[in-house]
Amino acid sequence: MKVMVTGSAGFIGSHVVESFEAAGHEVSGLDLRDGADLRDRDTLDRLLPEVDLVVHQAAKVGLGVNVADLPDYASVNVYGTAVLLAAMATHHVGRLVMASSMVVYGEGAYDCAEHGRVRPGPRSAADLERGRFDPSCPVCGEAVRSAVIGEDAPMDPRNAYATTKLAQEHLAANWARETGGSAVALRYHNVYGPRMPRDTPYAGVAAIFRSALEAGRAPRVFEDGCQMRDFVHVRDVARANLAAAEAEPVAGGLVAYNIASGVPHSVGQMAAALAAERGGPEPVVTGEYRLGDVRHIVAAPGRARAELGFEAEIGFETGMKEFATAALGTP
Ligand code: UD1
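Residue numbering for the sequence shown follows the working numbering, starting at 38 and increasing by one per position.
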């Protein structure tokens, strides 16, 4: 296949390029770092003819700093995707595989013994201040159990990044319906691995801990460190993109998949694994919190396994061992 990868010089995009090339596909790339802007229609008109499939990884990521970031998120993620889809229609490129994120779900899934599946709202500053980190049942206030989240969970984007990722999914679905194209949204869980960008306000926790350890500082674990995530290795994520590209396309709509390892770990465990591999310093559990954080978010990986034949291969221990000393990327 002739494949164009957007964000091809980025953390995930560069691994995607490598895995598609290794599988024998003809790959072209587009990346702001190489001076090619997704929002520039002329660039797309030059690159898209003859392309069979676009793998769309280019995005402004992370939680950002404050509302001053909003225009940039909307421009790069929403407007950029809109320009891409319009150009794909013009050039009859009928297939899209795009990077989405588990942040579209907002909180993870929870079950109350009394009320079944419930959706707790954002945690209050007062609760977090008192060290009450786990959400409670919105009906009875009792403790809830964290459950795995499937792709059909209601969407609840709670920050600018999440909102623009969901908008990208909606735009791709619109494009697929109108053109008969096929769109696949891969909802990445917490991706980590070589070339992960260093510590910035936009970085995920794995990069923050890695950067701290490299500088000889202890990783600062927020809350009580028991918040659960699914850490999935970047080469597995690249393989998921390949699996989506090589799967039989479903025309006329968008299908979303959780892309995860299927084996959740706590943030505290992740800090401990990295620190142990580097020989310290030991992580510090600080009890600090960020109001925008969700408590637990753990994926049900079954749909990707059933429909794309994708299963993560790099386990937590192996992956973190490699990541502890792997080269980081530039943001
Ligand atoms: C992260 C990404 C999100 C991405 C998603 C899936 C960021 C900021 N968030 O969401 O964009 O879509 O993964 O790939 O990139 N924490 C600490 N110490 C720190 C920093 C964070 O303990 O120094 C804790 C946080 O309180 C939180 C957890 O680590 O509980 C995860 O934080 P983070 O990686 O920032 O955000 P996610 O919600 O997992």
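We treat Cβ as the ideally placed atom computed from N, Cα and C, and that holds for glycine. Everything numeric in this text was worked out from a predicted model, so none of it was measured.
(request) Let me know the secondary structure DSSP gives methionine 265 once reduced to three states. (result) Here DSSP, grouped into helix, strand and coil, assigns methionine 265 to strand.
(request) State buried or exposed for histidine 129, treating a residue as buried only when at least 16 other CB atoms are found within 10 Å of its CB. (result) Exposed, since its Cβ has fewer than 16 Cβ neighbours within 10 Å.
(request) May I have the straight-line CA-CA distance separating glycine 61 from valine 269, to the nearest angstrom? (result) Roughly 24 Å separates the two Cα atoms.
(request) Please list the segments of the beta strand (DSSP E) lying wholly inside the stretch 180-268, counting only runs of 3 or more residues, in order along the chain. (result) As for any beta strand (DSSP E) of minimum length 3 sitting wholly inside the stretch 180-268, the runs are 181-184, 219-225 and 227-229, ordered along the chain.
(message) Measuring only from the beta carbon, is serine 303 closer than 7 Å to any heavy atom that is part of the ligand UD1?
(response) no
(request) For valine 228, count neighbouring Cβ atoms within 10 angstroms of its own Cβ and tell me buried if that reaches 16, exposed if not. (result) buried
(request) Please work out which residues of its chain come closer than 7 Å, Cβ to Cβ, to leucine 122, disregarding the five sequence neighbours upstream and downstream, and give them in chain order. (result) Leu208, Ala209 and Trp212
(request) With a threshold of 16 other CB atoms inside 10 Å of the CB of arginine 224, please say whether the residue is buried or exposed. (result) buried
(request) Could you spell out where the beta strand (DSSP E) holding alanine 297 opens and where it closes? (result) In the DSSP assignment, alanine 297 falls outside any beta strand (DSSP E) and carries neither an H nor an E.
(message) Check whether the stretch 270-287 and the stretch 337-348 are in contact - that is, three or more C-beta pairs closer than 8 Å.
(response) yes
(request) Under 7 Å Cβ to Cβ from arginine 342, same chain only, skipping five residues before and after it: list those, please. (result) Glu348
(message) Only counting the same chain, and skipping five residues up and downstream in sequence, which positions put a Cβ closer than 8 Å to that of alanine 184?
(response) Gly145, Ala146, Tyr147, Asp148, Arg154 and Val335
(request) Have a look at glycine 356 and glycine 230 and give me their C-alpha separation to the nearest angstrom. (result) 7 Å
(request) Identify whether leucine 133 lies in helix, strand or coil by the three-state DSSP scheme. (result) strand
(message) With a threshold of 7 Å on Cβ separation, who are the neighbours of glutamine 94 within its own chain once the five nearest residues in sequence on each side are excluded?
(response) Val42, Thr43, Gly44, Gly47, Ile49, Gly50, Val53 and Ala136
(message) Is valine 242 close to the ligand UD1? I mean its beta-carbon at under 7 Å from any heavy atom of the ligand.
(response) yes
(request) Using only alpha-carbon positions, find the residue among Thr216, Leu311 and Gly305 that is nearest to leucine 291. (result) Thr216
(request) Mind the definition here: the stretch 65-75 touches the stretch 296-310 only if three or more C-beta pairs lie below 8 Å; say whether that holds. (result) no
(request) Measure the alpha-carbon distance for proline 191 versus tyrosine 142 and round it to whole angstroms. (result) Their backbone Cα atoms lie some 7 Å apart in a straight line.
(request) Report the residue ranges of all alpha helix (DSSP H) runs contained in full by the stretch 337-367; include only those spanning at least 4 residues, in chain order. (result) 353-362
(request) Compute the Euclidean distance between the alpha carbons of glutamine 306 and valine 271, then round it to the nearest angstrom. (result) 19 Å
(request) Measuring alpha carbon to alpha carbon, tell me which of Pro318, Ser65, His333 and Ala59 ends up nearest arginine 247. (result) If you compare the alpha carbons of Pro318, Ser65, His333 and Ala59 with that of arginine 247, the shortest gap goes to Pro318.
(request) For the beta strand (DSSP E) holding tyrosine 147, just list the boundary residues, first then last. (result) 146-149
(request) Could you please give the first and the last residue of the uninterrupted beta strand (DSSP E) stretch that includes serine 65? (result) 63-67
(message) Only counting the same chain, and skipping five residues up and downstream in sequence, which positions put a Cβ closer than 6 Å to that of arginine 195?
(response) Gly143
(request) Could you tell me the distance, in whole angstroms, from the CA atom of arginine 167 to the CA atom of arginine 160? (result) Cα-Cα distance, rounded: 12 Å.
(request) Compute the Euclidean distance between the alpha carbons of methionine 265 and valine 304, then round it to the nearest angstrom. (result) Between methionine 265 and valine 304, the alpha-carbon positions lie close to 6 Å from each other.
(message) Tell me whether the stretch 255-263 and the stretch 314-331 touch, counting them as touching only if at least three CB pairs, one residue from each stretch, are closer than 8 Å.
(response) Yes, the stretch 255-263 is in contact with the stretch 314-331.
(request) Could you spell out the range, first to last residue, of the alpha helix (DSSP H) harbouring methionine 307? (result) 304-315
(message) Between Thr201, Leu165 and Ala244, which has its C-alpha nearest phenylalanine 360's C-alpha?
(response) Ala244
(request) Taking glycine 153 as part of the beta strand (DSSP E), name the residues at either end of that continuous run. (result) 153-155
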